[in-house]
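Under UniProt numbering, the first residue of the sequence shown carries the number 1, and numbering increases by one thereafter. Note that beta-carbon positions come from the ideal geometry of N, C-alpha and C, so glycine has one too. First up is the structure itself, then whatever we jot down about it.
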Amino acid sequence: MRILWGCLAVVVIAPLVGLFLLIMKPVWRDDARLDDFHERVLAIPLPPETRSNGDTEAEFGKNSGGSGDYCHYEIRLPLSTGLSAGEIGAYYRKAAIAGVGERGQRPSDLGRGHRRR
1 MRILWGCLAV VVIAPLVGLF LLIMKPVWRD DARLDDFHER VLAIPLPPET
51 RSNGDTEAEF GKNSGGSGDY CHYEIRLPLS TGLSAGEIGA YYRKAAIAGV
101 GERGQRPSDL GRGHRRR
């Protein structure tokens with residue numbers, strides 16, 4: 001009887017574990033991409049006359065409309081600076097940080113820009 005319960009438990013639990021792994025694999029992949037992107041952003045030295053003003057934040061979201069293939073990654077860097085917003089934007093655009101999932105490629109090489117806040 002004990003063997004029967006063990007087999008029954010395996011038959012019930014194994015598909016649930018498989019389903020969990022199937023559902024979570026894309027989540028873990030997206031989290032890893034966001035972490036990699038966040039590290040690339042933090043690797044860029046701060047602009048002149050600028051200091052970090054707190055912890056950075058990284059967010060990930062999926063578009064609920066359309067095909068659902070669009071993902072939104074956002075990194076926020078709180079800064080204190082003597083530079084204008086335009087100068088800060090120009091500095092980070094010049095850094096050409098590769099986008100999410102684009103290791104070793106520059107956004108300018110891909111023909112698209114990336115928005116940073």
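Using a Cβ-Cβ cut-off of 7 angstroms (strictly less than) and excluding sequence neighbours within five positions of residue i, which residues of its own chain qualify?
i	result
V11	none
R2	none
In chain order, what residues of the same chain lie with their CB nearer than 6 angstroms to the CB of residue i, ignoring the 5 residues before and after it?
i	result
T56	L77
H72	G61
For residue i, would you say it is in contact with chain D, using Cβ-to-Cβ distances shorter than 7 angstroms as the test?
i	result
L42	Protein chain content of the structure displayed is limited to a single chain, and chain D is not contained in it.
Per the DSSP calculation, residue i is bridged to which residue(s)?
i	result
R76	E57
S52	L79
Does the beta-carbon distance from residue i to residue j come in below 7 angstroms?
i	j	result
A58	L34	yes
V41	I75	yes
Go through its chain and collect everything with a Cβ distance to residue i's Cβ below 8 angstroms, but skip five positions before and after it.
i	result
T50	L79, S80, T81, G82, L83, I88
Practice prompt. Evaluate contact between the segment 12-28 and the segment 44-56, counting only Cβ atoms and requiring at least three cross-stretch pairs below 8 angstroms.
Written response: The segment 12-28 makes no contact with the segment 44-56, as fewer than three CB pairs between them are under 8 angstroms.
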